[in-house]
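J.: Numbering-wise (the working numbering), the sequence shown opens with residue 195 and increments by one.
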Amino acid sequence: MEIIIQPTAEEMSRVAARVVAKTLYAKPNAVIGLATGSTPLGLYRELVRMHKEEGLDFSQVTTFNLDEYVGLRQKHPQSYHYFMHENLFKHINIPQQNIYIPSGTTDNYEAFCQWYERRIVECGGIDLQILGIGSDGHIAFNEPTSSLGSRTRIKTLARQTIQDNARFFDKIEDVPVYAITMGVGTIMEARKVILLANGGNKAAAVAAAIEGPVTSMITASALQLHPNTLFIVDQEAAGDLKMRDYYDWIQEKMPDAP
Ligand code: F6R
Numbered sequence: 195m196e197i198i199i200q201p202t203a204e205e206m207s208r209v210a211a212r213v214v215a216k217t218l219y220a221k222p223n224a225v226i227g228l229a230t231g232s233t234p235l236g237l238y239r240e241l242v243r244m245h246k247e248e249g250l251d252f253s254q255v256t257t258f259n260l261d262e263y264v265g266l267r268q269k270h271p272q273s274y275h276y277f278m279h280e281n282l283f284k285h286i287n288i289p290q291q292n293i294y295i296p297s298g299t300t301d302n303y304e305a306f307c308q309w310y311e312r313r314i315v316e317c318g319g320i321d322l323q324i325l326g327i328g329s330d331g332h333i334a335f336n337e338p339t340s341s342l343g344s345r346t347r348i349k350t351l352a353r354q355t356i357q358d359n360a361r362f363f364d365k366i367e368d369v370p371v372y373a374i375t376m377g378v379g380t381i382m383e384a385r386k387v388i389l390l391a392n393g394g395n396k397a398a399a400v401a402a403a404i405e406g407p408v409t410s411m412i413t414a415s416a417l418q419l420h421p422n423t424l425f426i427v428d429q430e431a432a433g434d435l436k437m438r439d440y441y442d443w444i445q446e447k448m449p450d451a452p
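#1: Which two residues bound the contiguous alpha helix (DSSP H) that contains residue 280?
#2: Tell me the rounded alpha-carbon separation between residue 445 and residue 198.
#3: Closest to residue 230 by CA distance: which of 408, 385, 320 and 273 is it?
#4: Helix, strand or coil: how does DSSP classify residue 241 here?
#5: Under 8 Å by Cβ, that's how I've got residue 388 and residue 322 pegged, so tell me the actual separation to the nearest angstrom.
#6: Using only the alpha-carbon positions, how far apart do residue 291 and residue 312 sit?
#7: Is any heavy atom of the ligand F6R found at a distance shorter than 7 Å from the C-beta of residue 334?
#8: In the structure shown, what three-state DSSP assignment does residue 246 receive?
#9: What residues in its chain sit with their C-beta under 6 Å from that of residue 317, if we drop five residues either side in the sequence?
#10: Could you check whether the stretch 228–242 touches the stretch 202–213, counting it as contact only if at least three pairs of C-beta atoms, one from each stretch, sit closer than 8 Å?
#11: So residue 347 is in the alpha helix (DSSP H); what residue range does that whole segment cover?
#12: Considering only heavy atoms of the ligand F6R, does any lie closer than 7 Å to the CB of residue 352?
#13: Excluding the five sequence neighbours on either side, which residues of its own chain have a C-beta within less than 8 Å of the C-beta of residue 339, listed in chain order?
#14: Alpha carbon to alpha carbon, how far is residue 354 from residue 242?
#15: Just checking my contact of residue 344 with residue 378 at CB under 8 Å: how many whole Å lie between their CB atoms?
#16: Heavy atom of the ligand F6R less than 7 Å from the Cβ of residue 238, yes or no?
#17: With distances taken between CB atoms, is the gap from residue 281 to residue 245 smaller than 8 Å?
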């Protein structure tokens with residue numbers, strides 16, 4: 195596990211964008227796992243900038259999104275389909291057929307989830323997975339007590355997550371209660387994982403994920419068992435880390451920081 199602490203969310207996003215770009219330079223047809231929510235917005239803005247100004251090429255890239263709300267049509271402004279098209283896909287040169295996002299409106303969720311898992315494997319597996327983290331320590335929508343071996347499936351959102359996400363909806367009753375989400379086991383198969391977090395409301399979850407026990411109560415803690423995980427967090431999200439000095443020291447001594 196590597197931990198990079200940046201002064202601001204903007205710098206966190208720039209470091210993350212450099213990791214994505216490095217992956218694409220090394221493997222132009224990489225498979226990238228994507229997250230939604232407010233955390234990766236700066237990263238997506240920076241990737242769009244790199245595409246427009248520096249020619250970062252997405253023409254051979256395939257993407258798989260982590261999750262989608264059940265019951266929201268693709269055109270719903272709070273659906274993750276809409277989010278991804280507005281904030282990333284419509285600004286870069288990724289072919290439409292290379293974009294995979296879980297369906298929130300299929301009439302057979304079980305078959306869809308199996309197909310989604312199969313497509314990831316058929317596309318060669320995820321080279322780089324981008325994650326945010328919930329204030330309850332979730333990754334994707336793997337809420338506390340989700341199996342650390344779980345696969346893509348429907349999850350009931352925790353009350354905390356519904357409250358956290360109510361800011362995107364007119365009223366809290368509009369937040370869907372169910373989501374279709376990759377499992378922790380699905381995420382753990384990615385070759386490399388980067389988890390981004392900014393803001394003081396993530397500090398406890400970040401500390402628990404990095405320095406607490408591996409537990410299904412904080413599903414992000416499963417990443418302690420992943421061989422290639424990078425946490426990129428801002429000052430505030432790093433606020434509860436006990437080993438902070440050590441992480442800074444490692445970065446200071448690292449010859450090839452991203
Ligand atoms: C979204 C996702 C979630 C979010 C998390 C943090 O695709 O998988 O796990 O990353 O809920 O959300 P924000 O970034 O809005 O704080």
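Glycine included, every Cβ here is placed at the ideal spot set by N, Cα and C.
Every value quoted in this text rests on a predicted model; they were computed, and no experiment measured them.
T.: So, from the listed chains and residues:
#1: Here residue 280 corresponds to residue number 86 of the sequence shown, with the count starting at 1. From DSSP, the alpha helix (DSSP H) with residue 280 extends over 274–281.
#2: Here residue 445 refers to the residue found at position 251 of the sequence shown. Here residue 198 refers to the residue found at position 4 of the sequence shown. So the two alpha carbons sit approximately 7 Å from each other.
#3: Here residue 230 refers to the residue found at position 36 when the sequence shown is read from its first residue. Of 408, 385, 320 and 273, the residue nearest in Cα terms is 273.
#4: Residue mapping note: residue 241 aligns to position 47 of the sequence shown, counting from 1. Note: residue 241 maps to helix in three-state DSSP.
#5: Along the sequence shown, read from residue 1 onward, the residue named residue 388 stands at position 194. Along the sequence shown, read from residue 1 onward, the residue named residue 322 stands at position 128. Sure, about 7 Å apart at Cβ, within 8 Å.
#6: Numbered from 1 along the sequence shown, position 97 holds the residue referred to as residue 291. Numbered from 1 along the sequence shown, position 118 holds the residue referred to as residue 312. Looking at the two C-alpha atoms, the distance is approximately 16 Å.
#7: The count along the sequence shown starts at 1 and reaches residue 334 at position 140. Checking the Cβ of residue 334 against the ligand F6R gives yes.
#8: As a first step, residue 246 is located in the sequence shown; it is residue number 52 there, counting from the start. DSSP places residue 246 in helix when its eight states are reduced to three.
#9: Here residue 317 refers to the residue found at position 123 of the sequence shown. Closer than 6 Å at the Cβ level, and outside the excluded window around residue 317, lie 225 and 256.
#10: yes
#11: Residue 347 sits at position 153 when you count from the first residue of the sequence shown. Taken as a continuous stretch (DSSP letters only), residue 347 belongs to no alpha helix (DSSP H), being part of the beta strand (DSSP E) at 347–350.
#12: Walking along the sequence shown from the start, residue 352 turns up at place 158. No, the Cβ of residue 352 stays beyond 7 Å of every heavy atom of the ligand F6R.
#13: In the sequence shown, the residue the question calls residue 339 occupies position 145. Within the same chain, residue 339 has close Cβ partners 410 and 411.
#14: For this step, residue 354 is matched to residue 160 along the sequence shown. For this step, residue 242 is matched to residue 48 along the sequence shown. Approximately 32 Å between the Cα atoms of the pair.
#15: Locating residue 344 in the sequence shown gives position 150, where the first residue counts as 1. Locating residue 378 in the sequence shown gives position 184, where the first residue counts as 1. Their Cβ separation, rounded to whole angstroms, is 5 Å, which keeps residue 344 and residue 378 in contact under 8 Å.
#16: Residue 238 sits at position 44 when you count from the first residue of the sequence shown. For the ligand F6R, not one heavy atom lies less than 7 Å from the Cβ of residue 238.
#17: As a working note, residue 281 is residue 87 in the sequence shown. As a working note, residue 245 is residue 51 in the sequence shown. No; because the gap between Cβ atoms is not below 8 Å, this pair is not in contact.
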